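Be aware that the sequence shown starts at 1324, since it is given in my numbering, and climbs by one per residue.
We treat Cβ as the ideally placed atom computed from N, Cα and C, and that holds for glycine.
Since the model is a prediction, treat every value here as computed from it, not as a measurement.
To start, the structure itself, in structure tokens.
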Amino acid sequence: MKTNIFRIITIFGLIALLVACSTRRDTWLARNSHAMSTKYNILYNGDIALEDGVNELKTTYGDNFWEILPVERMQPEAEKPVEPVASAPVPTGGKEPQIPQQSKNANFQRAEEKATKAIQKHSMNIGGTEVNSQMDEAHLLLGKARYYDKRYLPALEAFNYVLYKYPKSSRIYEVKVWREKTNMRLENDGLAITNLQKLLGDEKVKLNDQVYADANAALAQAFLNTEEKDSAIARLKVAIDKTKADEEKARYRFIVAQIFEQKKEKDSAYKYYDEVIDMNRSSPRMYVIQAHGRQSLQFDYEKGDTVVFLEKYRKLLKDRDNRAYLDAINYQMALFYDKRKQPDMAVKYYNKSLDAQPQDAYLNASNYRNIAEIYFNKAKYVTAGMYYDSTLVHLKPRTREFRMIEKKRMNLEDVIKYEGIATRNDSIIKVWSMPEAARVAYYQEYIDKLKIEDEKKRIAEEKARERAENAQNASANDVASNSTGAKSAISRSDAKSAADAATGATPITKPAKPGEFYFYNAATVAYGKSEFRKNWGTRKYQENWRFAKSSSSDTPVEEDRELTEEEIKAKADAAQIAEAKYTPDFYISQLPTSKVVIDSLAKERNFAYYQLGVIYKEKFREYQRSADKLEALLMNNPEERLILPAQYNLYKVYEILDKQKAAVVKNDIITQYPDSRYAQILKNETLTGDAALTPVAAFNKLFKEYEAGDYKGVLIKVEDAIDQYTGEEMLPKFEILKARTVGKLRGLEEYKKALNYVALTYPNVEEGKEAEKMLGRDIVMMEAMQFNDTDPKSWKLLYYAPNPDAKNIKVLQEKLKKFISERTADQLSQSLDIYTMDMNFVVVHGIRTENGAEGIASVLKEFKEYKVVEKPIVISNDNYAIVQIKKNLEEYLADPHKKSPKRAAPALKSVDNGPKNQTPRGARIPKQRPAQTATPSGAQPGVGRPPQDSDDPMQSAQPPTMGGSGKTQTTTTPPRK
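Structure representation (structure tokens):
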């Protein structure tokens, strides 16, 4: 009986449970059962996932402290990366790793899944009314998860559903705040401001403190989006008072301080930064460090209390809590020394900031940029260029600062080149002009320093060799002890095995530790490698390696092998050179002896000074340096063509630096060159003729004349234009036009020289690069052209015409015109072609065969209606092209039918279009020390001066008259034609 009652109760209990699980029955049991299951199971886990996602976002989000922080942090945008603001030089600092832009936070997806599950499984929509009291919570969780997952339209749909379906929800005002935050994300800032102001202004609405704080913070963000900063400050102050989260208090205070700072209200900004600092451990450390950094920007580096400043930052550096923020702290220390004009200390701390490996790319860029500026101001342009390269690696492309640094880096190539030329040539000329005794003393001083440096190197090499030998001996001892230990271990193992066998015990095997395997012992491996190289030399990993040849550099040298005569002689020469470098005669003998070479060097030096003066003035705005270079040029007896442009540029510089000096230079130009273009400009006179043309207009006019074939006139005018527009940016275009014109009139060799001049003088502009390409491609192909190299397809008749306006030439052209008009079967034509400056050709074109050309020449000579007495030259079309290119008509006339020998195809030069002498970007310069280039024991210093530091742009190249073997080499820039 009791069993039956128990069964009946169990059945009724199961039925009641099934009734309670139904979502279609509006019963007390069903409502509370589903509400409890929703709240304490599904939504509980969903809320935990959402909270974990928000916490992870707070700890992983990388704030961009270079601009005003957003009120709320979100996952980073993949499509719209935040661009740094160069005007706010404070780094982000910290070690919070950046979230990869492609990844999503799985916690938000899990929260959305839980909310969706709660709605699908436990929603009780009966008669159009939701009777499960937890469904508003489920939809709110769904909206939040979608919001943080940056799916704003579905999030807005979830929030609107709560507002529509659950107007009496206990969290209805919180939902309204979230809806307006979503509207802001959808860029509906005006709508968000209207709705939030309405919510906060309704006196009937009673909001709890946290919701009130969130609403004011959201409204502040909307005001920031619409640039209403005063309103944003007011709302953030309310949020600071009402929020219960210390992290939010610190963030809101920091944002208020940033806004005041942007509004130039420094005192208010300083006050709020102080409030962040006073929070101490209640605030996340990154806000405290950044607040210190922002305050340091307001420090008066000239009149402020530097002792207090340094003491504060030294304490920050020593604080263990700040280890994750050493990049930002060291950056501020570097800025302090930079502003105080202590560049060496600044570089030291910039490098310490880099050593901390900051996560902020713009902080890296700022460190590299500031170091580059320091080296640029020290005139160490090679090192500065390397740091500018590293700056560009860390800057975002397509930003204004990136383009500015890139342009400065490109301009720096010219500075490096011309500074090197000026320094090298100046030193050579200086030493060349010294008396013999002064030269000896000059080089003896250098030799004394060289001996000291060589002795230091020798000692360092000996110590390194001793350390290597000690390490090798230690490795051998380790191997010996390991072998002994292994043998004794084996003996003990064998004894133990025997004992186990005797007693019948089962041996226990232990897994070998990594350290017990000899390949895990670094000393053993090093010793083994050393012994292998001693016995076998360096071997490649290949089959039959024992029978392959070993590398000669690492193969042991047989000490008993006799040296050959060549080896003995080479060894003796090396010893002689090594000894000779300690004598002044070794260097004096390499100085140029010809006055022509010295004049050429002086001319090259003067042009470099002029280029530097213009570059510093136009491209870097370094006016004092520009004035120094131009003054130095005018004191060095420059060419006539450089004097007037140099004076005019000096006048423009002194207009900025010194008005009195500008007036003196202006008067010199007007009195000494009254008819010049520059004098007319300074006197405000109206320019006439070609002098009135701008460089662009003058070039376009000359180019049209060039296209029309007036090469003789163009050559004269382009040379005048080069003198007139010296220093203008259009000058390389005039030079390349001159080179082409020279090629038309003087032939291939002169064309090659002219192109070489353009390539050497303007290597970093488009015309110089194009000239370099033509030298390696077009010139090579034209030099390979030979007479009778291909089967001719047409022929020409050439008649000499020294003076095209002469009567006999006019008569000849009329007779040819008549002859061509009567020969309708053939498509003949005539032209007047320029050959050289003093020779032209009247040319008959379109003759099909050589016999036909000779027949036409005979007809023109013998028929009475023509009677052309001049003897023509019969030449094929291809050979005529070679004659015009190389100007070698005499060679052709010597043997018109000579067959050209077979030659290999010309080797075209591969031209690199990238910047020359540029270090690959991204390479870090070690510490604050310049990259010293070790001078081999047999290498010589530059002629005329001891080697300078490693930043010397010419140190790596042999200067004029300085060869590696001591032979005289002269390198001069081709003179301008």
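By the criterion of a C-beta distance shorter than 6 Å, ASN1690 is surrounded in its chain by TYR1673, SER1676, LEU1677, once the five residues flanking it on both sides are discounted.
Measuring C-alpha to C-alpha distances from ALA2204 to each of GLU1526, GLN2109, LYS2130, GLN2136 identifies GLN2109 as the nearest. Straight across, the Cα-Cα distance linking GLN1767 with THR1906 is about 7 Å. Secondary structure note for MET2097: its alpha helix (DSSP H) is the uninterrupted segment 2089-2099. Approximately 13 Å separates the beta-carbon atoms of VAL1500 and ASP1525; this is outside 8 Å, ruling out the contact. The continuous alpha helix (DSSP H) containing ASN1506 extends over residues 1495-1508. The beta carbons of ILE1921 and TRP1755 sit closer together than 8 Å. Judged by DSSP secondary structure, TRP1389 falls outside any beta strand (DSSP E); it is assigned neither H nor E. C-alpha of ALA2129 to C-alpha of ALA2031: approximately 22 Å in a straight line. Membership of ASN1690 in the alpha helix (DSSP H) is indicated by the continuous run 1684-1700. Counting only runs of 4+ residues, the alpha helix (DSSP H) found wholly inside the region 2057-2140 occupies 2071-2084, 2089-2099, 2101-2106, in chain order. The alpha-carbon of THR1746 is positioned some 28 Å away from that of LEU2098. Boundaries of the beta strand (DSSP E) harbouring ASP2156: 2152-2159, taken from the DSSP string. When the Cα atoms are used, ILE1770 and THR1706 turn out to be separated by approximately 26 Å. As computed with DSSP, HIS1717 is found in no beta bridge at all. The beta carbons of LEU1640 and ALA1679 sit about 11 Å from each other, so the pair does not count as a contact at 8 Å. In this structure, the beta-carbon distance from ASP1991 to GLN1970 falls below 8 Å.
For GLU1945, same chain residues with a beta-carbon under 8 Å away, outside a window of 5 residues either side, are TYR1939 in chain order. Your pair LYS1467 and ILE1365 does not check out as a contact, with CB atoms roughly 15 Å apart and the cut at 8 Å. Inter-residue distance for ASP1472 and LYS1427 is about 7 Å (C-alpha atoms, whole angstroms). Per DSSP, PHE1546 is one residue of the alpha helix (DSSP H) stretching across 1532-1548.
Sequence-distant Cβ neighbours of VAL1561 in its own chain, meaning closer than 7 Å and more than five residues away, are ASN1539. When beta bridges are read from the DSSP output, HIS1615 appears opposite no residue. Taking the Cα of TYR1765 as reference, the smallest distance to any Cα among TYR1475, ASN1327, LYS1753 is reached at LYS1753. Here THR1566 carries a coil assignment [DSSP, helix/strand/coil].
Taking the C-beta atoms as reference points, GLN1585 is found no nearer than 8 Å to GLY1616. With distances taken between CA atoms, ASP2201 lies nearest to LYS2209 out of LEU2151, LYS2209, VAL1987. Counting along the chain, the unbroken beta strand (DSSP E) around ILE2170 starts and ends at 2162-2170. SER2223 sits in coil when the DSSP states are folded into three classes, being neither helix nor strand. Membership of SER2199 in any alpha helix (DSSP H) is not indicated; the residue belongs instead to the beta strand (DSSP E) covering 2196-2199.
Inclusion of ARG1502 and ASN1483 in the CB contact set at 8 Å is warranted, their separation being smaller than that value. Counting C-beta atoms within 10 angstroms of its own C-beta, ASN1693 has 16 or more neighbours from the protein chains shown and is therefore classed as buried. If you look at PHE1725, you'll find it in the alpha helix (DSSP H) that goes 1723-1755.
In summary, GLY1376 is buried, with 16 or more beta-carbon neighbours lying within 10 Å of its beta-carbon over all protein chains present. Shown here for ALA2077: same chain residues with a beta carbon closer than 6 Å to its own, the five before and five after excluded, namely ALA2062, VAL2065 in chain order.
Judged by DSSP in its simplified three-state form, ASN1448 adopts strand.
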